[in-house]
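Numbering-wise, the numbering used here comes out as the position in the sequence shown, counting from 1, plus 27.
No residue lacks a Cβ here, since even glycine has one placed at the ideal position from N, Cα and C.
Values in this document were obtained by computation on a predicted structure and should not be read as measured data.
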Amino acid sequence: MVDRIACPWLIKNFIDPNAEFIFVPAQDVLKKAKELNAIPFDVDNAELTHYFEGNEEYVSFDALIKKYNLKDPALLELAKIVRGADAKIDNAPFESYGLKAIAQGFRIISRDDYENMKLQFPVYDALYAFCRVKINERNKSL
Numbered sequence: 028m029v030d031r032i033a034c035p036w037l038i039k040n041f042i043d044p045n046a047e048f049i050f051v052p053a054q055d056v057l058k059k060a061k062e063l064n065a066i067p068f069d070v071d072n073a074e075l076t077h078y079f080e081g082n083e084e085y086v087s088f089d090a091l092i093k094k095y096n097l098k099d100p101a102l103l104e105l106a107k108i109v110r111g112a113d114a115k116i117d118n119a120p121f122e123s124y125g126l127k128a129i130a131q132g133f134r135i136i137s138r139d140d141y142e143n144m145k146l147q148f149p150v151y152d153a154l155y156a157f158c159r160v161k162i163n164e165r166n167k168s169l
């Protein structure tokens, strides 16, 4: 559920600012993506979806970071929060629990996925800013 909005935010801000998103039922994503020559994400059998390395689960947000070789330390910190909110992992960051609740709440109050993106993108902007400060403070203490 978190990846559904986190991934478009990541794509728009770090991969393709002109990307367009089409939301269809999960069972139709691969077929529609093929029809539109689009890149599917966050569904079974898509390249950009949840995956495991060893016993550790990673989410579609991680798959995008890996595929596009994104190295921004604050973005990698944000990925931990997204992963903790969208996967079953040990020692999820505390912020993950809040992000999961926020994502659920916005899904409830949004008319559709497009409104949900519009409402939630500022949340990811704020979390990214938080992560940048966190990384900078961590680097100062080294």
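Where residue 47 is concerned, there is no enclosing beta strand (DSSP E), because DSSP gives it neither an H nor an E. Scanning 73, 53, 46 and 77 for the CA closest to the CA of residue 111 turns up 77. In this structure, residue 114 lies near residue 86, with their beta-carbon atoms less than 8 angstroms apart. For residue 73, the closest alpha carbon among the candidates 105, 56 and 82 is that of 56. Taking 8 angstroms as the cut-off, the beta carbon of residue 35 is found closer than this to the beta carbon of residue 48. Per DSSP, the beta-bridge partners of residue 68 are 75.
About 6 angstroms separates the Cβ atoms of residue 75 and residue 91, confirming a contact at the 8 angstroms cut-off.
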